[in-house]
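J.:
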Amino acid sequence: MMTTNPDLERQYQVMELLGNGAFGRVFKGKSKRTGEVVAIKELDYGCFPPSSVDAMYEEVRLIPKLSNPFLVKYLDVFDDKDSRVMHIVMEYCPNGDLQQFITRRKRAKTPLDEDHIWAVLAMVAHALDYMHRPFKQEFSQKIIHRDLKPANIMVASGSVYKLCDFNLCRPLATGNVATTMAFTPLYAAPELLTGKEYTEKVDLWSLGCILYEMCTFSPPYVATTIEGIRELACNSPIPKIGGNYSADLREVITSLLQKDPQCRYSAHDLLAHRRVQAVLQSIGITGSNVPMDFKLNQEKLSQMQPSDLLHNSPTTNSGISSTSVRSDHYGSPSQSIGSLGCGSSRVIKTPAYVPPDPSKYKK
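So the sequence shown is numbered by UniProt numbering: it starts at 1 and just counts up by one.
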């Protein structure tokens, strides 16, 4: 049962438990005013250290200000300082996450269509470009996710892919680089794995790992220990991508998995790619500044949606997946290794987009 909060209960009906974590739970709920189905994250922060409490408040201060159609929306926050329990009401994504979809395809031994991979790339790149941009309308800070992985890419209605799990939002250490450690090793850039200063380019490496996994059903650098992953990511060439995927896709993935972050494309560079532009234009997006409530082209999205997106996913009687929001998506700040970093308005210069030239990359 959810911890009692009269203010929350006046506005939302709590329907069922979706997942548990060490210091938090996630419930499915419904707005009493609109009938909208939501996810409600409950955080018991009574035993959090002060730094994690500060990070939690920074998250709930910052994230609701973000406005992009490919980010999971924060809708409400209810904080009971006496019981030290916070409830965060979020957009509910009924179609699970990208990791679940990849796993189903892997078990069925069915490769992902390239058009589907470009759709994920386009939507995630659009969200990252917005997050990494220093001059947003809402505030002048860059935001680095730092734990981008398939389980943190939710699938909303209409096969819209949205980033989630924005925990531990913190200022970048020196204005344009950060040093704090918070990541999942299989998707972590070499500079994170070695404890070096890093920029927003760590998110682009993670995106490269995700795209590689969509093509091969495995991240590019797999080992049983962090030390083993670090050795492979820092010193091994990029593993070959099998299947009938285009040179365009292979070259984009190669560019994202460059060990030197200055050689990786930025999210803004990716938006200039003709295949990415084609996806975004087909669903009604022609620029990078798009309001959160922008209406995407649902007809085109439905055509892009794989037929098995909802297959093999347990559902309740209401037809909404009971496994689509897991506790690790909305983990507590003190336990989750996924986190954000936000920095100053200084621009980090990155290479401008040019058509990929395979000869320039270390393979």
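Where a beta carbon is used, it is the ideal one built from N, C-alpha and C, also for glycine.
Since the model is a prediction, treat every value here as computed from it, not as a measurement.
To the nearest whole angstrom, what separates the beta carbons of LEU257 and ILE226, a pair I think is in contact under 8 Å?
T.: 18 Å between Cβ atoms; not a contact.
J.: For THR199, count the other beta carbons within 10 Å of its own beta carbon; 16 or more makes it buried, fewer makes it exposed. Which is it?
T.: Classification of THR199: buried, given that the 10 Å Cβ count is 16 or more.
J.: What is the DSSP secondary structure of TYR198, counted as helix, strand or coil?
T.: If DSSP states are grouped into helix, strand and coil, TYR198 belongs with the strands.
J.: Check this for me: beta carbons of VAL37 and VAL60, under 8 Å apart or not?
T.: No, these two residues do not count as a Cβ contact at 8 Å.
J.: Three-state secondary structure (DSSP) at HIS145?
T.: Of the three classes helix, strand and coil, the one that applies to HIS145 here is coil, per DSSP.
J.: Can you tell me whether VAL60 is helix, strand or coil according to DSSP?
T.: The answer is helix: DSSP assigns VAL60 an H, G or I state.
J.: Can you tell me which of THR194, GLN13, GLY242 puts its alpha carbon nearest to the alpha carbon of ALA233?
T.: For ALA233, the nearest C-alpha among the options comes from THR194.
J.: With a threshold of 16 other CB atoms inside 10 Å of the CB of CYS47, please say whether the residue is buried or exposed.
T.: The residue is exposed, with fewer than 16 neighbouring Cβ atoms inside 10 Å.
J.: What alpha helix (DSSP H) runs, 4 residues minimum, are completely inside the region 210-275?
T.: For the region 210-275, whole alpha helix (DSSP H) runs of length 4 or above, ordered along the chain, are 226-235, 247-256, 267-271.
J.: Check for me: the alpha helix (DSSP H) holding LYS106 runs from which residue to which?
T.: Where LYS106 is concerned, the enclosing alpha helix (DSSP H) stretches over 98-108.
J.: Short of 7 Å in beta carbon distance, which residues of its chain neighbour ILE102, apart from the five on each side in sequence? Order them along the chain.
T.: Correct list, in chain order: PRO150, GLU213, MET214, PHE217.
J.: Are at least three pairs of beta-carbons, each pair with one atom in the region 120-129 and one in the region 266-281, less than 8 Å apart?
T.: Touching, yes.
J.: For CYS164, collect the residues of the same chain with a Cβ closer than 6 Å to its Cβ; drop the 5 residues on either side in sequence, then sort them by chain order.
T.: So the list reads VAL72, ASN152, MET154, HIS329, once near-sequence residues are dropped.
J.: If you check the beta carbons only, do LEU148 and SER206 fall under 8 Å apart?
T.: Yes.
J.: From PRO219 to ARG10, what does the alpha carbon distance come to, in whole angstroms?
T.: Taking the straight line from one Cα to the other gives about 45 Å.
J.: Using the three-state DSSP reduction, which class does ASP82 fall into: helix, strand or coil?
T.: If DSSP states are grouped into helix, strand and coil, ASP82 belongs with coil.
J.: Have a look at MET90 and TYR57 and give me their C-alpha separation to the nearest angstrom.
T.: One C-alpha to the other measures close to 16 Å.
J.: Does DSSP put ASP44 in a helix, in a strand, or in coil?
T.: ASP44 falls in the strand class under three-state DSSP.
J.: Could you check what DSSP says for GLY35 in three-state terms: helix, strand or coil?
T.: Reduced to three states, the DSSP call for GLY35 is coil.
J.: Could you tell me the boundaries of the beta strand (DSSP E) in which residue 391 lies?
T.: What is shown of the chain runs 1 to 363, which leaves residue 391 out entirely.
J.: What is the rounded straight-line gap between the Cα of LEU128 and the Cα of ARG25?
T.: Approximately 27 Å between the Cα atoms of the pair.
J.: Using C-beta distances below 8 Å, list every residue in its chain close to ARG105, excluding the 5 sequence neighbours before and after it, in chain order.
T.: Only PRO111, LEU112, PHE217, ASP308 meet the Cβ criterion.
J.: In this structure, what does DSSP give as the bridge partners for ARG25?
T.: Answer is ASN20, GLU42, bridged to ARG25.
J.: Exposed or buried, what is THR286 when buried is set at 16 or more other beta-carbons lying within 10 Å of its beta-carbon?
T.: Label assigned to THR286: exposed.
J.: Just checking my contact of TYR92 with LYS28 at CB under 8 Å: how many whole Å lie between their CB atoms?
T.: With a Cβ gap of about 7 Å, TYR92 and LYS28 count as contacting.
J.: Rounded to whole angstroms, what is the Cα-Cα separation between SER51 and ASP44?
T.: Cα to Cα, SER51 sits roughly 15 Å from ASP44.
J.: Going by CA-CA distance only, name the one from LEU192, GLY19, TYR12 that's closest to SER31.
T.: Of the listed residues, the one whose Cα sits closest to SER31 is TYR12.
J.: Starting from HIS87, follow its DSSP beta bridges and name the residues at the other end.
T.: Bridge partners of HIS87: GLU42, PHE78.
J.: Taking the CB atoms as reference points, tell me whether HIS132 and ALA267 lie closer together than 8 Å.
T.: Going by C-beta atoms, HIS132 is nearer than 8 Å to ALA267.
J.: In whole angstroms, what is the alpha-carbon distance linking PRO6 and ASP54?
T.: Cα to Cα, PRO6 sits roughly 24 Å from ASP54.
J.: I need the boundaries of the beta strand (DSSP E) containing MET123, first residue and last residue.
T.: Looking at the DSSP string, MET123 is not in any beta strand (DSSP E); the run it does join, the alpha helix (DSSP H), is 114-132.
J.: Is the Cβ-Cβ distance between LEU186 and ILE229 less than 8 Å?
T.: Going by C-beta atoms, LEU186 is nearer than 8 Å to ILE229.
J.: Cα-Cα, which of GLY19, ASP115, ASN235, LYS109 is closest to ALA189?
T.: Checking every option, the nearest Cα to that of ALA189 belongs to ASN235.
J.: Kindly indicate which three-state DSSP category residue 440 falls into: helix, strand or coil?
T.: Here the chain comprises residues numbered 1 to 363, so residue 440 is not present and cannot be evaluated.
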